[in-house]
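Numbering (full-length UniProt numbering), first residue to last: 1 to 275. All C-beta atoms, glycine included, are put in the ideal place defined by N, C-alpha and C. Take a look at the structure below.
Structure follows, in structure tokens:
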């Protein structure tokens, strides 16, 4: 039986877009908006970024919240893994673009960075459904701990080094100032934190807050992930510049004796005719 290839045949040699593009003589379009006339100088950069990421032009308060989030999640600290990539790029004199993009890729992780958003959403949506079915918060926490060997090691709570998250208090202030109430998902997330503090001395981290807040704003996990694609850019670039402005190859230099070599002892390399 022959494979129906009509969908692909219609696209041979053509670029199709459902999002927009440049129409010569008419303008540049994005999701129905003419970018020069409708958007440029009239909405914020983050409103356009979100529009291109999810196809909807959000109100400025939500765009401002996202901008604050990007500030709160991108620090100029080269100890952070993605930023260390930027610092290494600077010390080796790569381009700032190459170093920054490499740092962004390093943050697309299940352990930290924007990659955690998908799992954080999966958690809050799963437990929210459980709460809707009548499960108590205590039962939900016990159920989730059972999935992780009896420990509260689920996304959105606890941190590997520090206890709590110093950014949350400020973000609740920002949320209030921008006019966002505490929604159902965030309310549940706070109830879970209360139980975790009582039973395990563990608190909500920024991922738990972000995912619950954005679920209350009607975003899906994939949409939130798309908006945050370049979340760590600012910090990575800062660390690149820090080392680029210093002597080359001076970031985390090593001496030969710093290497604990445990392989075969030194031996002569055979000449080609001896192999």
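- Item | Status (buried if at least 16 other CB within 10 Å, exposed otherwise) for residue 7 | exposed
- Task: For residue 28, write down the residues that DSSP places opposite it in a beta bridge.
- Result: 22
- Between the stretch 247-267 and the stretch 86-104, do at least 3 Cβ pairs fall closer than 8 angstroms? yes
- Item | Distance, residue 140 Cα to residue 197 Cα | 15 angstroms
- Item | Cα-Cα separation between residue 192 and residue 26, rounded to whole angstroms | 53 angstroms
- Where in the stretch 89-117 do unbroken runs of the alpha helix (DSSP H), each at least 4 residues long, occur, reported from the N-terminal end onward? 96-106
- Message: Please state whether the Cβ-Cβ distance between residue 211 and residue 128 is less than 7 angstroms.
- Response: no
- Query: Within 10 angstroms of its Cβ, does residue 15 collect 16 or more other Cβ (buried), or is it exposed?
  - Reply: exposed
- Message: Does the structure place the stretch 75-85 close enough to the stretch 51-60 that three or more beta carbon pairs sit under 8 angstroms?
- Response: no
- Is the beta carbon of residue 186 less than 7 angstroms from the beta carbon of residue 213? yes
- Query: Taking the C-alpha atoms as reference points, what is the distance between residue 21 and residue 29?
  - Reply: 5 angstroms
- Message: Using C-beta distances below 6 angstroms, list every residue in its chain close to residue 236, excluding the 5 sequence neighbours before and after it, in chain order.
- Response: 82, 83, 86, 100 and 103
- residue 96 to residue 241 span [Cα, whole Å]: 8 angstroms
- Query: If you scan the stretch 154-205 from start to end, which runs of the alpha helix (DSSP H) of 4 or more residues do you find wholly inside it?
  - Reply: 167-177 and 184-200
- Message: Excluding the 5 residues flanking residue 158 on each side, which residues of the same chain have their C-beta closer than 6 angstroms to its C-beta?
- Response: 202
- Verify whether the separation of the beta carbon atoms of residue 63 and residue 46 is less than 7 angstroms. yes
- Message: By the DSSP assignment, the alpha helix (DSSP H) with residue 72 in it spans what residues?
- Response: 60-72
- Within 10 angstroms of the Cβ of residue 116, are there 16 or more other Cβ atoms? Answer buried if so, exposed if not. buried
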